[in-house]
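**Q** My structure is below; once you've seen it, I'll send some questions.
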Amino acid sequence: MPERPDLDHILREIHETLAPRFGEGAVADYIPQLARVDPRGFGMAVITLDGDTHVVGDADTAFSIQSISKVLMLTLALGKHGEAVWSRVGREPSGSAFNSIVQLEYEHAVPRNPFINAGAIAITDLLLAGHTPREAIGEMMRFVRSLAEDESIAIDQAVARSEQATGDRNRALAYFMHSYGQMRHPVDHVLGVYFHHCAIAISCRQLARVGLFLANNGRDPVTGGSIVSPSRARRINAVMLTCGHYDQSGDFAYRVGLPGKSGVGGGILAIAPGRAAVAVWSPGLNAFGNSLLGSLALEMLARRTGWSVFG
Ligand code: GLN
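Numbering (this note's numbering), first residue to last: 11 to 321.
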């Protein structure tokens, strides 16, 4: 394995190999606004710890961040509440779909992990402590923009409205937890904030930049700023590796071997600790709600670079 892989060459190769398959998979349509996305889009960005950025395809096209925002929600909640976060959510893979309600009853409404919808809704409740919904959304946007060093990142209000209009499953999850006394704030406030966090529009280039601190022990290698402690970065990566792809998390760890978090917008953020942050986007999803070609692209990247965390 070369010490310094030729990332531009590898990205071009991945793009060429997958190009005949662009459009494969099914674009999420349970959020109507997401169904309008061109299914043939494909972009990828790799940013190494020295700040070198390598891109291919539609790396500057904004897509809906969706569940990848759950990593940022968890990071903010840990900053605000520390280890107390783990009294509101577990950190075990669920083995169930991202929006599943079945396990909640057995768990007395404490979701299995922060990366399934129920878990992220509980985390959002924590983010509302001492904040109005508008302030909680503002806090997230400041966080994302400062990590990306890009003030242009914004919420796609049409996506937020679309989620709000069709989010009955999320409402059911939230009210179920509320019925167990697990919600500290009004359910409609929590969901409003949750939907807005999911509706952030971001490109692969911006997303990889956002995730770079997780590849560098919690410190942004470009600005030198400390975002989280090294042990917290390790733990967030551990939860991404074990829970980042819902009931396909084991398969992703097996095939790619990197902490990763997917979203139904077709994006995946993957972290190669000590090396790079990677973002890929291709809107066609597989049956688990994870980007079909996005995970193939990451599998190819991990193989060609030797970046698996398993050596
Ligand atoms: N906003 C989406 C939802 O709540 C997020 C799901 C996802 O990306 N898996 O259903």
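Virtual Cβ for every residue (Gly too), placed ideally from N, Cα, C.
Work out the CA separation of D62 and L28 for me, nearest whole Å.
**A** Spanning the two alpha carbons is a distance of roughly 24 Å.
**Q** Check whether the Cβ atoms of A243 and G228 lie closer than 7 Å to each other.
**A** Cβ atoms of A243 and G228: closer than 7 Å.
**Q** Going by C-alpha distance, which of V220, E115, S213, I126 is nearest F153?
**A** Nearest of V220, E115, S213, I126 to F153, Cα basis: V220.
**Q** Do you know how far the Cα of G89 is from the Cα of E309?
**A** The alpha-carbon atoms of E309 and G89 are separated by roughly 32 Å.
**Q** Express the C-alpha separation of S110 and V66 in angstroms, rounding to a whole number.
**A** Using only the alpha carbons, I get a separation of about 35 Å.
**Q** What number of angstroms, rounded off, separates the C-alpha of F298 from the C-alpha of D257?
**A** Going from the Cα of F298 to the Cα of D257 covers about 7 Å.
**Q** Where does A233 sit, in a helix, a strand or coil, going by DSSP?
**A** Inspection of the sequence shows that residue 233 is occupied by Thr rather than by Ala. Coil at T233, not helix or strand.
**Q** Measure from the alpha carbon of V288 to the alpha carbon of each residue in S305, F108, S236, I131, then state which is nearest.
**A** Among S305, F108, S236, I131, the Cα nearest to that of V288 belongs to S305.
**Q** Taking 7 Å as the threshold (C-beta atoms), are P124 and I133 in contact?
**A** Their beta carbons are under 7 Å apart, which means I133 touches P124 by this criterion.
**Q** Using the beta carbon as the reference atom, which residues fall closer than 6 Å to any heavy atom of the ligand GLN, ordered along the chain?
**A** Every residue passing the under-6 Å Cβ criterion appears here: Q76, S77, F108, N109, N127, E173, N180, C208, G273, V274, G299.
**Q** In whole angstroms, give me the CA-to-CA distance for A218 and Y185.
**A** Looking at the two C-alpha atoms, the distance is approximately 34 Å.
**Q** Taking just the CA atoms, how far does P15 sit from D8?
**A** Outside the displayed span of the chain (11 to 321) sits residue 8, for which this structure offers no information.
**Q** Taking the alpha-carbon of G33 as reference, which of W317, A312, S292, R314 has the nearest alpha-carbon?
**A** When only C-alpha atoms are compared, the closest one is S292.
**Q** At which residues does the beta strand (DSSP E) containing T142 begin and terminate?
**A** Run containing T142: none; DSSP gives neither H nor E here.
**Q** So, with DSSP's three-state summary, where would you put M193?
**A** Note: M193 maps to coil in three-state DSSP.
**Q** Could you say which of V47, G53, D39, A36 lies nearest to E23 if we only look at CA atoms?
**A** The shortest Cα separation from E23 among V47, G53, D39, A36 belongs to G53.
**Q** Whole angstroms are fine: how far does the CA of I246 sit from the CA of N296?
**A** In a straight line, the C-alpha of N296 is about 25 Å away from that of I246.
**Q** Does DSSP put G53 in a helix, a strand or coil?
**A** Correct three-state label for G53: strand.
**Q** Could you tell me if M11 is buried or exposed, where buried requires 16 or more neighbouring beta carbons within 10 angstroms of its beta carbon?
**A** The pLDDT assigned to M11 is 49, lower than 50, so where the model puts this residue is not dependable, and the model offers no usable value.
**Q** Hey, which unbroken runs of the alpha helix (DSSP H) at 4 residues or more fall wholly within the segment 29 to 104?
**A** Counting whole runs of 4 or more residues, the segment 29 to 104 contains the alpha helix (DSSP H) stretches 79 to 91.
**Q** Using DSSP with H/G/I as helix, E/B as strand and the rest coil, what is L311?
**A** L311: helix per DSSP, three-state reduction.
**Q** So for M11, helix, strand or coil by DSSP?
**A** Below a pLDDT of 50, predicted positions are generally treated as unreliable, and M11, at 49, falls in that range; no measurement from the model is reported.
**Q** Counting Cβ pairs closer than 8 Å, one from the segment 160 to 170 and one from the segment 96 to 104, do we hit at least three?
**A** No, they do not touch.
**Q** Quick one: residues in its chain with C-beta nearer than 6 Å to the C-beta of S77, no 5 flanking neighbours on either side, listed in chain order?
**A** Result list for S77: G273, in chain order.
**Q** On the premise that R314 lies in contact with I20, defined as a C-beta separation below 8 Å, what is that separation, rounded to the nearest angstrom?
**A** Contact flag correct, Cβ pair sits at about 5 Å.
**Q** Counting only beta-carbon atoms, is E117 nearer than 7 Å to chain B?
**A** Chain labels in this structure do not include chain B; a single protein chain is all it has.
**Q** In angstroms, rounded to a whole number, what distance separates the CA positions of E115 and M150?
**A** Distance between the alpha carbons of E115 and M150: 30 Å.
**Q** Give every residue of the same chain whose Cβ lies closer than 6 Å to the Cβ of R101, excluding the five residues on either side of it in the sequence, and list them in chain order.
**A** Once the five neighbours on either side are set aside, the close Cβ partners of R101 are N123, V249.
**Q** What number of angstroms, rounded off, separates the C-alpha of F108 from the C-alpha of L222?
**A** Roughly 25 Å separates the two Cα atoms.
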